[in-house]
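Everything on this sheet refers to the single structure shown next.
In our numbering, the protein residues as written are 1 to 230.
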């Protein structure tokens, strides 16, 4: 984790940085820990679009726009905090214990041991008006802009630390937007192409969720041990 952080702060902002962040966003959405979110959203989009791939794509776009709003504001906030944030990180060794703790809590959530209130995908599904469905997707996407795959939490912490170090509100907003768009690409693909796949894999959603939970807890414990041994 700390090596990744050191890597991110040694380079300047360039086109390659944005490409890397976009790829990292895609990777964050294909990790096992994010699969439950992909499955839930795919089901939501397909039900709201009544099986129409074009409508499912439009719903996905509105949802992603909601995510982008939150990501943009997150980038602005950490860029404005700038160097005030980094001494706080170093003083309390946040990069050592915070990401692993989030991993463990997220794993417990996936296993059903604890429960955090999360925005639901269910309520807007009964809306018959497509415009209402689109706006509902946009509203749900806003809080989901902060839903991070437990496996990707160390990457997210490295990204916001990099943004804080650069101290540029514009680049902070754009980098977080790029990261969100990377995740959104997979969400859109899941919404458009998942009808038959979801039907076949729906029975495996429970086991996948449990496996992701155990992996997240194991990853958190390992990161904690390695972090405090250094």
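Here a beta-carbon is modelled for each residue, glycine too, at the ideal position from N, C-alpha and C.
Please read these numbers as outputs of a predicted model, since none were measured by experiment.
| Query | Result |
| --- | --- |
| Are the CB atoms of residue 190 and residue 42 nearer to each other than 8 Å? | yes |
| Return the Cβ separation of residue 223 and residue 68 in integer angstroms, given the expectation that the two are a contact with Cβ distance under 8 Å. | Incorrect: roughly 29 Å between the Cβ atoms, too far for contact. |
| Decide if residue 28 is buried, meaning its Cβ has at least 16 other Cβ atoms within 10 Å, or exposed. | buried |
| Residue 45 and residue 59 - do their beta-carbons sit closer together than 8 Å? | yes |
| Measure how close the beta-carbons of residue 102 and residue 153 come, nearest whole angstrom, since I'm counting them as under 8 Å. | 5 Å |
| Does the region 158-174 come close enough to the region 61-80 to have 3 or more Cβ pairs within less than 8 Å? | yes |
| To which residues of the same chain is residue 219 closer than 6 Å at the C-beta, ignoring the five residues directly before and after it? | 103 |
| With distance defined between alpha-carbon atoms, name the residue in 99, 18, 64, 156 nearest to residue 186. | 64 |
| So is residue 155 buried or exposed if we call it buried at 16+ other beta carbons inside 10 Å? | buried |
| In whole angstroms, what is the alpha-carbon distance linking residue 188 and residue 57? | 6 Å |
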